[in-house]
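Going by the numbering used here, the letters in the sequence shown line up with residues 212 to 711, in that order.
Backbone N, C-alpha and C fix where the C-beta goes; we use that ideal spot for every residue, glycine too.
These notes concern the structure reproduced below.
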Amino acid sequence: MTDLTGDGVRILLIGTQTHAGPTLTSVPAVSRTVEELHRKLLTVCRVRPASIRTVLDPPDAWMMAAAIAEEAQRAQAVLLIYYVGHGLIGPGDELYLAATSTDRLTPGLAAHQALPLSALQQALTVCRASSVVVVLDCCFSGRAKLGAGAPPPAITLPGAHGIHLLASAEQLALAPEDADYTAFTGELINLLDRGDPRGPRLLTLDAVYDFLFRTLRAKGGPLPRRQAGDRSGDLVIAVNAAQPEPATDPEDEAGTVPGRCPYLGLEAFAVDDAELFHGRERLVEELLEAAAGAMSAGRPVIVVGPSGVGKTSLLHAGLLAALRRGAPQLPGSTGWPWTVLTPGDDPVHALAAVLYPDGPAGADALIEDPGSAVPLARRFLEDRGHDRLVLVVDRLEELFTAGERERTAFCAALAALAADGGRTLVVMALRADFYGQAQALPVLAAVLREHQVQAAPMRLEELRAAIEEPAATVGVRLDEGLADLVLHELDAVNPPGPQA
Numbered sequence: 212m213t214d215l216t217g218d219g220v221r222i223l224l225i226g227t228q229t230h231a232g233p234t235l236t237s238v239p240a241v242s243r244t245v246e247e248l249h250r251k252l253l254t255v256c257r258v259r260p261a262s263i264r265t266v267l268d269p270p271d272a273w274m275m276a277a278a279i280a281e282e283a284q285r286a287q288a289v290l291l292i293y294y295v296g297h298g299l300i301g302p303g304d305e306l307y308l309a310a311t312s313t314d315r316l317t318p319g320l321a322a323h324q325a326l327p328l329s330a331l332q333q334a335l336t337v338c339r340a341s342s343v344v345v346v347l348d349c350c351f352s353g354r355a356k357l358g359a360g361a362p363p364p365a366i367t368l369p370g371a372h373g374i375h376l377l378a379s380a381e382q383l384a385l386a387p388e389d390a391d392y393t394a395f396t397g398e399l400i401n402l403l404d405r406g407d408p409r410g411p412r413l414l415t416l417d418a419v420y421d422f423l424f425r426t427l428r429a430k431g432g433p434l435p436r437r438q439a440g441d442r443s444g445d446l447v448i449a450v451n452a453a454q455p456e457p458a459t460d461p462e463d464e465a466g467t468v469p470g471r472c473p474y475l476g477l478e479a480f481a482v483d484d485a486e487l488f489h490g491r492e493r494l495v496e497e498l499l500e501a502a503a504g505a506m507s508a509g510r511p512v513i514v515v516g517p518s519g520v521g522k523t524s525l526l527h528a529g530l531l532a533a534l535r536r537g538a539p540q541l542p543g544s545t546g547w548p549w550t551v552l553t554p555g556d557d558p559v560h561a562l563a564a565v566l567y568p569d570g571p572a573g574a575d576a577l578i579e580d581p582g583s584a585v586p587l588a589r590r591f592l593e594d595r596g597h598d599r600l601v602l603v604v605d606r607l608e609e610l611f612t613a614g615e616r617e618r619t620a621f622c623a624a625l626a627a628l629a630a631d632g633g634r635t636l637v638v639m640a641l642r643a644d645f646y647g648q649a650q651a652l653p654v655l656a657a658v659l660r661e662h663q664v665q666a667a668p669m670r671l672e673e674l675r676a677a678i679e680e681p682a683a684t685v686g687v688r689l690d691e692g693l694a695d696l697v698l699h700e701l702d703a704v705n706p707p708g709p710q711a
């Protein structure tokens, strides 16, 4: 299995941080991102120092093109081109990668002002490496496509054997203000540093994409895109730091990619983890019934439970996964689009961003008129060809870090969405110790009174199912008595209080 440790590996990191403006602004996080990624490639991915080349703040497109062409010719086994910076859409709807001197693209001069993706395509045609990876951490990079048959306004790269394109966002990529790293590469750095409890022991390109998509979706960030040729996704990037060392010789496992671990540790379950999510079947059914009732009444539904009880997992691997399968309580739910947000310290902006991701946030308009969330949601549905939306607000307690005006507008907007003729199912999750603060807000008080689902700690039989069933799902047999031992360690064999 190919990895990044060999002689024939060439890695080119390009980061454009500095711009004079006025159209493009400097992004201080770029240099920190590129430098830390360089370190992780050396220490975690075990890339040889001589195999990595870094170009920070290239002055013009020519220098970028020259560096790419040189590395494409030098690579024999693996070529990785990684760009972090501004992306622009230029003439012919082509993606251009910004250099330091880039600002506004001028028709007829664009190819001299920034690097068009077609120049990258030309450089790759002479590359002899069996695995070619292009990672674009920039705005609009998600519009890039492999192959010449993609419909306009596609940005194309040759769909050759072994080529893999990983892009950060279809519209505006996110570099959070005052953040150390860009959102996309920052999560990749986090993966290399901490690992992924859900991933295989060997982190392949496919496993990296799965982690980035799952993590950025849960955080409400720009969703990555990928295009892969042949089995390029099998390229091993690093060993998963969250998985234990193998009991056998590492060479014995090099021929195959190990299956996923059925236990996620302290990580929350995502929608795609539903097959491993056990023990909460009764609570999922209760939530579905409550959601159907709340939707009919034109109200949100709220899940309340103590910290660590599994509310996030219930929403994702329970509710959303059930809707994707088609919940009988909510007919037609199989195709309903859904979006998840956390209020953060600017809840109105967070809501506006998920309802209208392709344009201005509109947070000010929502504060002035919370009811304007309704036409935003309707447009969201029209653009996607659907008539129902599921809006999940996780960690609702974050709402109480915002000002009173923002709290009131956010709650009013959610109420308006839920009351829009059954078009939007609004589901919230609240930490139990914020119950009193939530009751002080009239909208939330009504929801708590009429459409509340309590997420209590798991019962003994539920805990046993959470231990035994994931292993059975992936075909692993637990040693006799192991489940009882775990339950004993959890003090769950004879828990205090009634179990009924």
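- If you ignore the 5 residues before and after T213, its C-beta comes within less than 6 Å of the C-beta of S342 and L446, all in its own chain and listed in chain order.
- In summary, T317 is exposed, with fewer than 16 beta-carbon neighbours lying within 10 Å of its beta-carbon over all protein chains present.
- The three-state secondary structure of M669, taken from DSSP, is coil.
- When C-beta atoms of the stretch 332-351 are compared with those of the stretch 275-287, three or more pairs fall below 8 Å, so the two segments count as touching.
- By the CB criterion at 7 Å, L326 and A278 fall outside the cutoff.
- Between T619 and E579, the alpha-carbon positions lie close to 11 Å from each other.
- For G647, the enclosing alpha helix (DSSP H) begins and ends at Y646 to Q650.
- Secondary-structure assignment with DSSP links Y293 through a beta bridge to L224 and V346.
- Scanning the stretch 486-516 for uninterrupted beta strand (DSSP E) segments of 3 residues or longer gives 512-516, listed from N- to C-terminal end.
- Between the alpha carbons of P539 and E500 lies a distance of about 10 Å.
- Inter-segment contact for the stretch 299-311 and the stretch 266-274 is present: three or more beta-carbon pairs are separated by less than 8 Å.
- Under the three-pair Cβ rule at 8 Å, the stretch 659-666 does not count as touching the stretch 471-483.
- Per DSSP, W273 is one residue of the alpha helix (DSSP H) stretching across A272 to R285.
- A Cβ-Cβ contact shorter than 7 Å links A584 with L628.
- For Q540, the three-state secondary structure derived from DSSP is coil.
- Of the residues assessed, Q650 falls on the exposed side of the cut-off, its CB having fewer than 16 other CB atoms within 10 angstroms.
- In its own chain, leaving out the 5 sequence neighbours on each side, no residue places its CB closer than 6 Å to the CB of A667.
- The Cβ-Cβ distance between V559 and L577 falls below 7 Å.
- Take V419, set aside five residues on each side of it, and the residues of its chain with a beta-carbon closer than 8 Å to its own are L377, L399, L402 and I448, in chain order.
- In the structure shown, A630 adopts coil according to DSSP, grouped into three states.
- Ranking D218, P239 and V220 by CA distance to the CA of T227 puts P239 first.
- Excluding sequence positions up to five before and after A643, its CB lies within less than 7 Å of the CB of V515, G516 and P517, all in the same chain and listed in chain order.
- For P653, the uninterrupted alpha helix (DSSP H) run begins and ends at P653 to E661, by DSSP.
- DSSP places R437 within a strand segment (E or B) once states are collapsed to three.
- For G632, the closest alpha carbon among the candidates R606, I300, Y294 and L600 is that of L600.
- With respect to the C-alpha of D702, the residue from E691, Q438, M669 and A429 having the closest C-alpha is M669.
- DSSP, read as helix, strand or coil, puts A683 in helix.
- The beta-carbon distance between L641 and L607, rounded to whole angstroms, is 4 Å. This is short enough to meet the 8 Å contact definition.
- Between D268 and V245, the alpha-carbon positions lie close to 11 Å from each other.
- Straight through space, the alpha carbons of L531 and E679 are spaced by roughly 23 Å.
- Inter-residue distance for N451 and G406 is about 5 Å (C-alpha atoms, whole angstroms).
- For A630, the CB contacts under 6 Å within the same chain, skipping 5 residues up- and downstream, are G509 in chain order.
- Straight-line measurement puts the Cα of D389 at about 38 Å from the Cα of A657.
- Contact check for D404 against R243 fails: the beta carbons are separated by 7 Å or more.
- The beta-carbon separation of H527 and A676, rounded to 18 Å, does not stay under the 8 Å limit for a contact.
- Per DSSP, G298 is one residue of the beta strand (DSSP E) stretching across G298 to I300.
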